[in-house]
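Participant: Chains as they are written, first to last, in this note's numbering: chain A, 1251 to 1887; chain B, 1251 to 1887.
Protein chains: 2
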Amino acid sequence: MERKIYLNNLPLERAREIFWNAAQKRKMRVEELDTRLAAGRVTAEPVFARISSPHYHASAMDGVAVKASDTFGAAPTAPRRLMLSENAFPVDTGGALPPQCDAVVMIENVTFPDKDNPHILEIREAVAPWQHVRSIGEDVVAGEMILPSYHFIRPFDLGALISGGIFQLKLLKKPLVSLIPTGSEIIPPGRMPQAGEIIESNTYTSAAAIEQWGGDVTRQAVVQDEIALLEKAVRRAVRYSDLVLISAGSSAGRRDHTFQVLDHLGEVLVHGVAIRPGKPVVLAVVDGVPIVGLPGYPVAAYTVLELLIRPLLYAWQKQPLPMQEILQAKSSRRILSSLKEEEYLRLKVGKVNENFIATPLARGAGVSMSLVRADGLAAIPQDHEGVEAGESLSINLWRTPAEIENTIVCLGSHDLSLDILYDFLKRGDSPYTLSSAHVGSMGGIMALQREETHIAGLHLLDPESGYYNTPYLERYLAHKEIHLVHLARRELGMIVAPGNPRNITSLADLTREDVIFVNRQKGAGTRVFLDYSLAAEKIEPKIIAGYNREEFNHLAVAAAVKGGSADAGLGIRAAASTLGMDFIPLAWEEYDLAIAAPFYDTPPYHVLLEVISSPAFRAAVERMGGYDLKDSGEKKA
Amino acid sequence: MERKIYLNNLPLERAREIFWNAAQKRKMRVEELDTRLAAGRVTAEPVFARISSPHYHASAMDGVAVKASDTFGAAPTAPRRLMLSENAFPVDTGGALPPQCDAVVMIENVTFPDKDNPHILEIREAVAPWQHVRSIGEDVVAGEMILPSYHFIRPFDLGALISGGIFQLKLLKKPLVSLIPTGSEIIPPGRMPQAGEIIESNTYTSAAAIEQWGGDVTRQAVVQDEIALLEKAVRRAVRYSDLVLISAGSSAGRRDHTFQVLDHLGEVLVHGVAIRPGKPVVLAVVDGVPIVGLPGYPVAAYTVLELLIRPLLYAWQKQPLPMQEILQAKSSRRILSSLKEEEYLRLKVGKVNENFIATPLARGAGVSMSLVRADGLAAIPQDHEGVEAGESLSINLWRTPAEIENTIVCLGSHDLSLDILYDFLKRGDSPYTLSSAHVGSMGGIMALQREETHIAGLHLLDPESGYYNTPYLERYLAHKEIHLVHLARRELGMIVAPGNPRNITSLADLTREDVIFVNRQKGAGTRVFLDYSLAAEKIEPKIIAGYNREEFNHLAVAAAVKGGSADAGLGIRAAASTLGMDFIPLAWEEYDLAIAAPFYDTPPYHVLLEVISSPAFRAAVERMGGYDLKDSGEKKA
């Protein structure tokens, strides 16, 4: 129950410099390989042609090889007669010239005037010596340097090498990276985990990343949280590796042994870098082999890979880092960031009304979906408190700018049909794709006001009129031209555990002492519906246990019920059935898409409309249960 | 001796459309694979999480799990006392919360006040319910869509998939491409070819390119030029392939069978596309499988791969084409191009005085080194006569703009030491590299005049003064600030066949009737030396047989002698010895580097100077023979 040591907080640049000075001493080994297998590899020395290409005087045309002087004076009006096999020799493109010849007459300029003697031919144009001849070495001359040292071999380099008689060549060996997954709670992928067990995934991400960056990977079996076992694994790995990565255990907890083991076996250079996520990284050297202790949180581990491992692998292979597209985009919201670390944000980016708008994704180091969903990364420097809404961010794009421009941005309420819509767009032939972020219905309306979205998904009940959505457009967006298109009617109700063990049948049951509720965030359509219904039934929200606990989408509410931290929550039927929960229906609500005028009637809008009106899409959504799409695509306002 | 058919000349866009309409009908098959092997592959269907992650309420910190209500009211001044194993439970980051707990107190906020009873602990800060807890589904909720259809799987996608309980998934099978090399003259790489034999290289380039673009490759044995054999190979290939490429034989010569075979077995859609190089391509379909007959010239074949095959492979895999950097650069010279075809130029690009300057490389379809040396491609449209010197070209860059900016441009006379210099720069730690193009010494001087090069390599003898280089700078570049730095003294002489069979001992022998000469181009320093020496000895150039045949560098002259098309040529000793020729010395000449003032004294210049003054570089050049570098790097003017 003791905390062993406290971490440093070294700036990234300084940590990188210290680590590189140690790591760069390691030189990559050299291996000889068949040229045919050398694409994507790096030359270890300059390569000089062993033969010329062509290695003989070759015809550059289909035609007749001649001695040029035999054709001098030939003209359409004064054809020159030659004899096959005597002073004219048929030759194909690439074929060798007979020794006495020094030029080729193209087949188009040859005629056979005598039907009885096919050996007689006539030439109507003189050729100069060496005309239509590829002389020896036209492409590659023996002795010429084909490739310098440290050249990354592309497909067509293989052709030049082989033509130059290079059938084997010396290449830099790929950097060999050993991965050591650690943790007594870790199980391999393949079976479903018990509580407290975690399926190992980080080293598979690491392995794929390292291979993408040109490294070779070996992966050890999972090492339990015992110092002796980890020491043994590290000793084995440093014998044959250029780099060792220890996955998890890099922090300072009672079961984090990476620091201690590396400090014992070699030299720890850095423990703790001022980046977020990724702070508790260990950088060390054992027996001349650089070793990185990676944090256990997946986003932290990947951030360290990108910032520290990727550039090292490229440097070892003597290659420049591949260019990444930088895009300037406006932050859609205020983002506070710690002064203590440089923070790497995952962001979604869209282009709305000629402005690129970036929205940060979940910032937790454990949210691997924030990497999956991201369009790029941006750094908020150490000593910066964050960025204001509307402030510009430099985003390292993971997609092409064309893909960003073809992205339909949808901010607003969460609905499962949006995922289906995303999938249908991906399956279609159009270049358009959908990026949806879940900020609640009111969040969607504010995004339309600020022109940060093309579309907002809404299901807002107006307590006075009993109408959905249209009253809100009139109230909040009257000064803007907004179109409203119906997407779905969906069944809203209470999500409860299977068999409804608390016997919850109405909203009034939420006030019972034995019932714990889980709520949606303020501004969510479901929250508006709840508050409206509670008011109608004169139920005081504050007496509902759990009213203040907010989740951000239907599935999270259902997951809370499934996990037992709540007995009931409000959500759609599909969320309940997806997680195998029971459902107490309360109402059918209207889920519509509010569409900003500049986006309406554009080609991506038409593609979108076509999908949501299609029988295949309707069927796919209705299959989830609790959905009625018979009017999907109808214009409401 | 007959020419079978004439080719069409279909515009590329039209040919692509016709071919794609046929090829796109083919759907990629689906296969199921272990998630751990799925990086770089494409999903065939949307993937929904099978479990939540975390799948239990997990501690987000190292600390003590508690019931939040037990901590209410705790403060530094009013610590709350708890008992381990009763109402406080040690928990590590990622560990499961005991069922009765709903929050975690960070280890930093826990103290052990009683030395005798380590079970007693004090908490100095209250926690809210669910504080420091990663609740079920924080990352992925069971039922949530992790990836849509047709998603290209990146390393971190693996982590999210595995965490979501996805251990197998359905992927698009890679497009299977069969390669059929053809040609009776073709031999496999491994042994040196005889005259008329060609080492097969195109299908190795094709295979590497197709794999880079996501395809799988199978390669058949070389097929001789017989219709029946090619038919058999095609029939076999279409049984299991998504695409078949026949290498060489796509034109209309007497040994070109691709058209005939495909016309017989299936439907030829296009024969002949208006592109250069690459015109004689055949596009066909046999049994629903698209087939491409590739031209035999390596640059033509690669151009067809890039323009027609690459986009098809990406489309089949439902992926956007990777972005290519487009750079606007000024053409350093006038480039004439046929009105009949769209021409794809390979170019070298450099940045000189803030201008990007592009210089076309050898345009022959057989010069594979033009691909190796290229920094990018530019197209001159059909119906354009070409571009003027100084006109802007849109270049599809193969290197990053940063690499272009770090390139030292050297136009001028060819010297083998420039290749060594290029290699030394690549081996060094600086980002700088060298791009040299061989335009002769006078070409280098003109490039300095037009500010199209940083450096020019010169060896120009002034007939009047007997000095090298400086008189030319005064004559042609007096209005510019140019520095002259010595690179090497090199031995110039006559290159003759081994054993000197024609017994050539002086320039006068070149006038003999039994001696054929090979010359260098006008403006080359060697040509200037020859003309000066001939004038000094009062030898009339026009009586020298072969005086008008011009080669563009020393190695090409030596290759002409080696190939037997000439008996003698002027060149440096190293070129003769590289190709095993004999050498009759005539003079030592000064090879210097003329350096434009804006480039002088810049960081890349200093790196360059350091290399050429280094003992290692001197030794490497002198090892070739005929070189003296004792003064290399000395400033002359």
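Even glycine gets a Cβ: it sits at the ideal position worked out from N, Cα and C. Keep in mind the model is a prediction, meaning the values are calculated, not measured.
When you compare the region 1434-1445 of chain B with the region 1290-1298 of chain B, are there three or more beta-carbon pairs, one atom per stretch, that lie closer than 8 Å?
Facilitator: No, the region 1434-1445 of chain B is not in contact with the region 1290-1298 of chain B.
Participant: Which of helix, strand or coil does DSSP assign to Lys1580 of chain A?
Facilitator: Strand at Lys1580 of chain A.
Participant: For Pro1398 of chain A, which residues of its own chain have a beta-carbon under 6 Å away from its beta-carbon, when the five flanking residues on both sides are left out?
Facilitator: Within the same chain, Pro1398 of chain A has close Cβ partners Pro1296.
Participant: Which residues in the same chain as Val1354 of chain B place their Cβ atom closer than 8 Å to its Cβ, once the five residues preceding and following it in sequence are excluded?
Facilitator: Result list for Val1354 of chain B: Ser1309, Ala1310, Met1311, Gly1313, Val1314, Ala1315, Val1316, Val1341, Leu1347, Val1377, Gln1381, His1382, Val1383, in chain order.
Participant: Taking its Cβ as the centre, do 16 or more other Cβ atoms sit within 10 Å of His1521 of chain B, making it buried, or is it exposed?
Facilitator: The residue is buried, with at least 16 neighbouring Cβ atoms inside 10 Å.
Participant: Figure out for me which residue from B:Met1744, B:Asp1633, B:Ile1448, B:Ile1845 has the closest Cα to the Cα of Gly1876 of chain B.
Facilitator: Measuring from the Cα of Gly1876 of chain B, the nearest candidate turns out to be B:Met1744.
Participant: May I have a chain-ordered list of the alpha helix (DSSP H) segments no shorter than 4 residues that lie completely inside the region 1569-1644 of chain B?
Facilitator: The qualifying runs are 1619-1623.
Participant: Assign Asn1258 of chain B to buried or exposed, taking buried as 16 or more other Cβ atoms, counted over all protein chains shown, within 10 Å of its Cβ.
Facilitator: Asn1258 of chain B is exposed by the Cβ-count criterion.
Participant: If we cut at 9 Å on Cβ distances, does His1307 of chain A have a partner in chain B?
Facilitator: Judged by the 9 Å Cβ criterion, His1307 of chain A is in contact with chain B.
Participant: I'd like to check one pair, Gly1707 of chain A with Gly1773 of chain A: are the Cβ atoms closer than 9 Å?
Facilitator: No, Cβ-Cβ distance for Gly1773 of chain A and Gly1707 of chain A is not below 9 Å.
Participant: For Tyr1594 of chain A, I'd like the list of residues in its chain whose CB is within less than 6 Å of its CB, leaving aside the five on either flank, ordered along the chain.
Facilitator: Thr1553, Leu1627, Ala1629.
Participant: Kindly identify the DSSP beta-bridge partner or partners of Met1356 of chain A.
Facilitator: Answer by DSSP bridge pairing, in chain order: A:Gly1313.
Participant: Just to confirm my understanding: we take Arg1486 of chain B, look at its own chain, exclude 5 residues before and 5 after, and list those with CB closer than 8 Å. What are they?
Facilitator: Hits under 8 Å: Gln1470.
Participant: Return the CA-CA distance between Pro1368 of chain A and Phe1362 of chain A, expressed in angstroms with no decimal places.
Facilitator: Distance between the alpha carbons of Pro1368 of chain A and Phe1362 of chain A is about 7 Å.
Participant: Hey, could you find the ends of the beta strand (DSSP E) Gln1418 of chain B is sitting in?
Facilitator: Where Gln1418 of chain B is concerned, the enclosing beta strand (DSSP E) stretches over 1418-1422.
Participant: Going along the chain, which residues of the region 1499-1519 of chain A sit with their C-beta nearer than 9 Å to a C-beta in chain B?
Facilitator: The region 1499-1519 of chain A vs chain B, Cβ under 9 Å: Ser1501, Ala1502, Gly1503, Arg1504, Arg1505, Asp1506.
Participant: In terms of residue numbering, what span does the alpha helix (DSSP H) encompassing Val1811 of chain B cover?
Facilitator: Here the alpha helix (DSSP H) through Val1811 of chain B covers 1804-1813.
Participant: Does Arg1752 of chain B come within less than 9 Å of chain A when only Cβ atoms are used?
Facilitator: Taking Cβ atoms only, chain A never reaches closer than 9 Å to Arg1752 of chain B, which makes this a no.
Participant: Taking one C-beta from the region 1805-1823 of chain B and one from the region 1761-1776 of chain B each time, how about it: are there three or more such pairs within less than 8 Å?
Facilitator: Touching, per the Cβ criterion.
Participant: Indicate the three-state DSSP secondary structure (helix, strand or coil) for Gly1876 of chain B in the structure shown.
Facilitator: Gly1876 of chain B: coil per DSSP, three-state reduction.
Participant: Grab me the residues of Gly1830 of chain B's own chain with a C-beta within less than 7 Å of its C-beta, minus the 5 sequence neighbours each way, in chain order.
Facilitator: The answer, listed in chain order, is Pro1748.
Participant: Verify the CB distance criterion: does Asn1452 of chain A have a CB-CB separation below 9 Å to chain B?
Facilitator: Answer yes: the Cβ-Cβ gap between Asn1452 of chain A and chain B drops below 9 Å somewhere.
Participant: Quick check: the Cα distance between Ala1844 of chain B and Thr1327 of chain A, rounded to an integer number of angstroms?
Facilitator: Straight-line Cα distance between these residues: approximately 53 Å.
Participant: Quick one: is Lys1598 of chain A near chain B, going by C-beta distance under 9 Å?
Facilitator: By this cut-off, Lys1598 of chain A is not an interface position.
Participant: How about Asp1389 of chain A and Gly1616 of chain B: do their beta carbons lie closer than 9 Å?
Facilitator: A contact, by the Cβ cut-off of 9 Å.
Participant: Do you know how far the Cα of Arg1823 of chain B is from the Cα of Leu1742 of chain B?
Facilitator: Each residue's alpha carbon lies about 6 Å from the other.
Participant: Could you check the C-alpha separation between Lys1792 of chain B and Tyr1672 of chain B for me, to the nearest Å?
Facilitator: Roughly 38 Å between the two C-alpha positions.
Participant: When DSSP labels each residue in this structure, what does Ala1687 of chain B get in the three-state scheme?
Facilitator: Here Ala1687 of chain B sits in strand by DSSP.
Participant: Judging by CA-CA distance, which residue of B:Val1391, B:Val1536, B:Asp1832, B:Glu1556 is the nearest neighbour of Pro1527 of chain B?
Facilitator: The residue with the shortest Cα to Cα distance from Pro1527 of chain B is B:Glu1556.
Participant: In chain B, which residues lie with their C-beta within 8 Å of the C-beta of Met1831 of chain A?
Facilitator: Ordered by position in chain B, no residue passes the 8 Å Cβ test against Met1831 of chain A, which lies about 11 Å from the chain.
Participant: Is Arg1770 of chain B helix, strand or coil when you go by DSSP?
Facilitator: Strand.
Participant: Here's a check: name, in chain order, each residue in its chain whose Cβ is nearer than 8 Å to the Cβ of Leu1675 of chain B, leaving out the five neighbours to either side.
Facilitator: Hits under 8 Å: Ile1658, Tyr1682, Thr1683, Leu1684, Val1857, Leu1858, Val1861.
Participant: Output the distance between the C-alpha atoms of Ala1459 of chain A and Pro1405 of chain B, rounded to the nearest integer angstrom.
Facilitator: Using only the alpha carbons, I get a separation of about 5 Å.
Participant: Just to confirm my understanding: we take Ala1887 of chain A, look at its own chain, exclude 5 residues before and 5 after, and list those with CB closer than 6 Å. What are they?
Facilitator: Counting only Cβ-Cβ distances below 6 Å, and skipping sequence neighbours, we find Thr1720, Leu1734.
Participant: Against chain A, does Met1333 of chain B count as a neighbour if the rule is that its beta carbon must be under 9 Å from one of theirs?
Facilitator: False, the Cβ-Cβ gap to chain A never drops below 9 Å.
Participant: Pull up the distance between the alpha-carbon of Arg1519 of chain B and that of Pro1570 of chain A, whole angstroms please.
Facilitator: The sequence given here has Leu at residue 1519 of chain B, not Arg. Their backbone Cα atoms lie some 43 Å apart in a straight line.
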